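>
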Amino acid sequence: NICKEGNQLEKLTLIRPNLSFSDEIRAYRQEFLDLGSPLNGCGPLADMEDPAQWVVHTQRFELGEDIPEDMVPSTQFIYVRESDQKILGTIQIRHTFTPFLETYGGHIGYSIRPSERQKGYATKMLHDCLPYCRSLGLDRVLVCCMDTNTASRKTILANGGIYDGTVYEPEGQVNFERYWITVNEGSR
Numbered sequence: 355n356i357c358k359e360g361n362q363l364e365k366l367t368l369i370r371p372n373l374s375f376s377d378e379i380r381a382y383r384q385e386f387l388d389l390g391s392p393l394n395g396c397g398p399l400a401d402m403e404d405p406a407q408w409v410v411h412t413q414r415f416e417l418g419e420d421i422p423e424d425m426v427p428s429t430q431f432i433y434v435r436e437s438d439q440k441i442l443g444t445i446q447i448r449h450t451f452t453p454f455l456e457t458y459g460g461h462i463g464y465s466i467r468p469s470e471r472q473k474g475y476a477t478k479m480l481h482d483c484l485p486y487c488r489s490l491g492l493d494r495v496l497v498c499c500m501d502t503n504t505a506s507r508k509t510i511l512a513n514g515g516i517y518d519g520t521v522y523e524p525e526g527q528v529n530f531e532r533y534w535i536t537v538n539e540g541s542r
């Protein structure tokens, strides 16, 4: 998992959140909050000041333990640059759907740290999670983005996303574009 940034090759890794990243989780969260940017693809991290609380939450959801009825099991990853152990992004893979996820949210949610955007990390992170999706038995995944999110649309398309349509979500009063990405053995 190598990404070229500038003239350097960087080693990037998907890691399940753990307490060794507590300071980095805290800094990642704070950067979003300081800018008023939504923390997508990381569950309730925005509401959890204590990184340990979030780590326990992610472990519980991956195991499918004590999950509210309106939620589904999911696996959470942080995307880490190995050279400095900096969290560049978060990505969450939902194992199944609720009616809301099936229409508006999809299998995968993600975000890139604001100071690290426009460097190709989102495209690489989404690509790097697809083998895990395949290991869950998913032949294809639904990835959705707001129709105003050009960067996310480009990320999805760069990973082979096939447009399925746009749906209006009345509570948030936003349009979501729906894309399917094939992840079976014959794909990219």
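Sequential numbering of the sequence shown, starting at 355, is according to our numbering.
The beta carbon of each residue, even a glycine, is placed where N, CA and C say it ideally should be.
Since we're looking at a predicted model, the values are computed, not measured.
Based on Cα-Cα distance, which residue from Thr-412, Phe-454, Glu-419 and Leu-511 lies nearest to Gln-430?
It is Thr-412 whose Cα lies nearest to the Cα of Gln-430.
> Counting beta carbon pairs with one atom in the segment 496 to 511 and one in the segment 447 to 463, are three or more of them shorter than 8 Å?
Judged by Cβ distances under 8 Å, the segment 447 to 463 makes contact with the segment 496 to 511, as three or more pairs qualify.
> Three or more C-beta pairs closer than 8 Å, one from the segment 474 to 494 and one from the segment 414 to 421: is that the case here?
Contact fails: fewer than three Cβ-Cβ distances are below 8 Å.
> Would you check if the distance between the CB atom of Thr-477 and the CB atom of Ala-512 is smaller than 7 Å?
Contact: yes.
> Rounded to a whole number of angstroms, what is the C-alpha to C-alpha distance between Asn-529 and Gly-519?
Answer to the nearest angstrom: the Cα atoms are 10 Å apart.
> Under the assumption that Ser-428 contacts Arg-414 (Cβ atoms under 8 Å), give the Cβ distance between them as a whole number of angstroms.
With 8 Å as the limit, Ser-428 and Arg-414 do not qualify as a contact, their Cβ atoms being about 10 Å apart.
> Give the C-beta separation of Met-402 and Gly-443 to the nearest angstrom, bearing in mind that I take them to be a contact with Cβ-Cβ under 8 Å.
Not a contact, Cβ separation roughly 18 Å.
> Taking buried to mean at least 16 other C-beta atoms within 10 Å of its own C-beta, is Ser-465 buried or exposed?
Its Cβ being crowded by 16 or more others within 10 Å, Ser-465 is buried.
> Would DSSP call Cys-483 helix, strand or coil?
Helix, per DSSP.
> Under 6 Å: does the beta carbon of Gly-395 sit that close to some heavy atom of the ligand PLP?
Only the bare structure without any ligand can be found here, which leaves the ligand PLP out of the picture.
> Quick one: is Gly-384 buried, meaning 16 or more other Cβ sit within 10 Å of its Cβ, or exposed?
Gly is not the amino acid found at residue 384; the sequence shown has Gln there. Exposed: under 16 other Cβ atoms inside 10 Å.
> Please name the residue or residues paired with Tyr-433 in a DSSP beta bridge.
Paired residues: Leu-368 and Gly-443.
> On the CB-based measure, 16 or more other CB atoms within 10 Å of its CB, does Thr-509 come out buried or exposed?
Buried: at least 16 other Cβ atoms inside 10 Å.
> Within the same chain, show all residues whose beta-carbon is closer than 6 Å to that of Arg-488, passing over the 5 residues directly before and after it, in chain order.
Within the same chain, Arg-488 has close Cβ partners Val-537.
> Which of the three DSSP states, helix, strand or coil, is assigned to Arg-409?
In the sequence as displayed, the identity of residue 409 is Val instead of Arg. Reduced to three states, the DSSP call for Val-409 is helix.
> Can you give me the C-alpha to C-alpha distance between Ile-441 and Tyr-533, rounded to a whole angstrom?
The alpha-carbon atoms of Ile-441 and Tyr-533 are separated by roughly 26 Å.
> Is it the case that the Cβ atoms of Arg-467 and Tyr-522 are separated by a distance below 7 Å?
Result no, Cβ atoms of Arg-467 and Tyr-522 do not sit closer than 7 Å.
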